[in-house]
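Enquirer: With this note's numbering applied, the sequence shown covers 1 to 250. Don't be surprised by glycine CBs; every beta carbon is placed ideally from N, CA and C. Below is a structure I'd like to ask you about.
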Amino acid sequence: MKRWFAFLALMASVLLASRADAKPDAIQIHTEAWEAYTERDGSGFAWDVIRAVYKPAGIEVDKTYVPYSRAVHNVVNGEADAWIGSYAGENSDALYPEWHYDADEIEALYLTGRVSTWGGRETLDGARVGWMRGYAYDKYLDVPVTETILNERERVVDLLERGTLRFWLDAEYEIDHIVDDLTAQRRAKLARGHVMTHELYLGFADTERGAALRRVWDERFPELLRQGRIAEIYDKWNIAFWPFEQPRDP
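Here is the structure:
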């Protein structure tokens with residue numbers, strides 16, 4: 001009888017180990033559609049990085065496009081495996097890998113006539129500051145602000161000009177897009193200042209699938225970094241910023 005129980009225990013441990021080592025054949029990613037980053041046609045910097053990690057491992061990349069806050073919600077609720085562009089520890093109900101793949105340069109956009117001098121994030125102290133829903137910049141600011149949360153960026157400059165907002169916080173490339181769409185006259189009234197830099201991660205679902213996919217990411221990403229494959233993708237998309245200790249040229 002003891003030998004029978006020992007056999008059952010051995011078989012159970014083998015099954016558990018095999019389940020832990022099991023690798024899904026696809027990763028279901030929910031994300032916002034960002035220009036040159038996560039385009040709806042499957043092109044973009046982030047898609048290239050993710051495919052480089054998963055496709056050679058036999059894992060297909062399935063894409064669903066939703067607003068950022070919805071992507072986070074879907075992953076946390078087990079409706080998807082991962083979302084793109086999370087800060088480390090941004091959501092306590094998600095799993096985070098060891099390796100980031102990019103970093104956000106967060107800037108403040110403001111009217112020069114209302115802010116005399118930019119002195120870093122302390123300049124935001126007590127001001128009315130806006131950002132996109134789901135971005136949760138308040139977790140990372142060490143000064144008190146009055147938050148205004150928006151669902152879209154089209155009205156940002158109007159709100160700054162009317163005084164409804166004093167500052168708008170966003171990733172550098174998003175502010176580039178906002179400013180590029182303005183007339184030269186409106187653009188001349190605006191200034192921008194660096195607020196903070198944050199490494200970007202995939203946020204994984206806290207499930208067996210999520211844990212397995214995170215394992216694949218942390219096994220393959222540093223090897224691709226050492227081989228120079230990640231640098232090739234950065235070069236392809238003309239991204240000068242290099243957020244890794246590993247030298248860009250292996």
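1) Determine the extent of the beta strand (DSSP E) in which SER86 is found, giving its start and end residues.
2) Could you round the C-beta distance between ALA46 and GLU199 to whole angstroms and report it? I think they count as a contact, below 8 Å.
3) Within the continuous beta strand (DSSP E) that includes ALA26, where are the two ends?
4) Let's see if you can read the secondary structure: which residues bound the alpha helix (DSSP H) around ASP93?
5) Taking TYR54 as the reference, give the member of ALA71, LEU150, PRO24 with the closest Cα.
6) When DSSP labels each residue in this structure, what does TYR140 get in the three-state scheme?
7) For MET196 versus TYR140, is the C-beta spacing smaller than 9 Å?
8) Counting only runs that start and end within the region 154-208, where is the beta strand (DSSP E) found for 3 or more residues in a row?
9) Looking only at C-alpha atoms, which of ILE149, GLY163, GLU105, LEU190 sits nearest to GLU172?
10) What are the boundary residues of the beta strand (DSSP E) that LYS236 is part of?
11) Starting from TRP47, trace the alpha helix (DSSP H) both ways and give me its first and last residue.
12) Under the assumption that ALA82 contacts THR64 (Cβ atoms under 8 Å), give the Cβ distance between them as a whole number of angstroms.
13) Between the C-alpha atoms of VAL179 and THR148, what's the straight-line distance to the nearest angstrom?
14) Look at the alpha carbon of GLY237 and the alpha carbon of ARG248, and state the distance between them as a whole number of angstroms.
15) Less than 6 Å between C-beta atoms, sequence neighbours within five positions excluded: which residues of the same chain meet that for LEU251?
16) Does the distance from the C-beta atom of LEU202 to that of TYR101 stay below 9 Å?
17) Please report how far the alpha carbon of LEU16 lies from the alpha carbon of HIS194, in whole angstroms.
Expert: Inspection of the coordinates gives the following:
1) 82-86
2) The pair is not a contact, with the Cβ atoms about 14 Å apart (cut-off 8 Å).
3) 26-31
4) Segment: none, ASP93 is in no alpha helix (DSSP H) and carries neither H nor E.
5) PRO24
6) coil
7) yes
8) 167-171, 190-205
9) GLU105
10) Careful: LYS236 lies outside any beta strand (DSSP E), inside the alpha helix (DSSP H) at 229-236.
11) 45-54
12) No, ALA82 and THR64 are not in contact; Cβ-Cβ is about 11 Å, not under 8 Å.
13) 20 Å
14) Residue 237 is actually Trp in this sequence, not Gly. One C-alpha to the other measures close to 14 Å.
15) Since the first residue of the chain shown is 1 and the last is 250, residue 251 is not available in this structure.
16) yes
17) Any reading at LEU16 must be qualified, since the residue scores a pLDDT of 45, below 50, and its modelled position is unreliable; the value itself is stated next. Between LEU16 and HIS194, the C-alpha separation is close to 48 Å.
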